[in-house]
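Everything on this sheet refers to the single structure shown next.
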């Protein structure tokens with residue numbers, strides 16, 4: 043009888059100890075997940091903050107400093123899910139190189155840089171423009187390697203609109219698209235991989251598929267990444283609609299491998 047009592051007590055102690063160890067281990071995992079590694083990378087003189095939360099095939103990027111909703115969505119998402127986010131260190135829509143303005147989503151090809159400099163600074167000297175074109179050309183592949191996108195991985199860009207831009211702006215270049223009648227046309231996915239498109243077309247969200255990016259070299263990140271054979275999805279949402287961008291990010295997380 044006494045033996046049985048001590049046996050039960052010992053078993054109860056072991057169960058409680060195991061539960062405590064499991065609880066502490068879980069808390070350590072949560073603590074680790076909530077403490078991403080923050081570092082810096084650069085594309086030439088353009089600085090980015092890198093936020094890494096464990097390992098996954100996901101890379102996130104925020105390029106326009108005036109699109110604050112997209113930044114908040116990226117910062118929130120990367121604390122909840124695995125992956126790495128790259129956030130530009132700029133408060134404006136444009137960056138400045140040697141005092142010349144550039145749209146950071148038009149610097150991913152020489153032609154894109156050239157046309158962007160001519161747009162903002164037609165009066166700048168040819169030499170000054172060429173120096174910037176050559177600098178970014180040298181740094182472009184280095185930047186891609188710093189993104190460290192694994193084989194079969196995906197780059198997810200986050201953008202906001204407030205200037206009339208919508209899914210209709212992309213339909214002329216679209217290979218295919220799916221528009222939902224109950225969704226705002228300013229909120230949509232843009233993807234360059236057909237398998238991703240087929241899955242997203244079944245989603246409750248608008249989506250446009252652009253297969254051949256080589257015909258229109260505008261220097262955008264989507265063109266550059268597509269040419270490199272890397273999966274790319276842009277999440278475009280109205281400025282201020284944080285909950286919508288969070289929902290779309292969550293949908294990707296749960297439905298796109």
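Numbering (the numbering used here), first residue to last: 43 to 299. Virtual Cβ for every residue (Gly too), placed ideally from N, Cα, C.
- Residue burial is scored here from C-beta neighbours: residue 228 has at least 16 other C-beta atoms within 10 angstroms and is therefore classed as buried.
- Burial check for residue 249: the Cβ neighbour count within 10 Å reaches 16 or more, so the residue is buried.
- Take residue 101, set aside five residues on each side of it, and the residues of its chain with a beta-carbon closer than 6 Å to its own are 126, 189, 191, 197, in chain order.
- Of all C-beta pairs linking the stretch 113-121 to the stretch 134-153, fewer than three are shorter than 8 Å, placing the two stretches out of contact.
- Secondary structure of residue 115 (DSSP, three-state): helix.
- Rounded to whole angstroms, the gap between the alpha carbons of residue 290 and residue 296 is 10 Å.
- Here residue 104 is bridged, per DSSP, to 129, 200.
- DSSP places residue 162 within a helical segment (H, G or I) once states are collapsed to three.
- DSSP places residue 92 in the uninterrupted beta strand (DSSP E) bounded by 88-95.
- Secondary structure at residue 278: strand, using DSSP grouped into helix, strand and coil.
- Collapsing the DSSP output to three states places residue 82 in a strand.
- A contact is defined here as three or more CB-CB pairs under 8 Å, and the stretch 272-289 meets this definition with respect to the stretch 194-208.
- By the CB criterion at 8 Å, residue 251 and residue 230 fall outside the cutoff.
- DSSP places residue 267 inside the alpha helix (DSSP H), whose first and last residues are 263-269.
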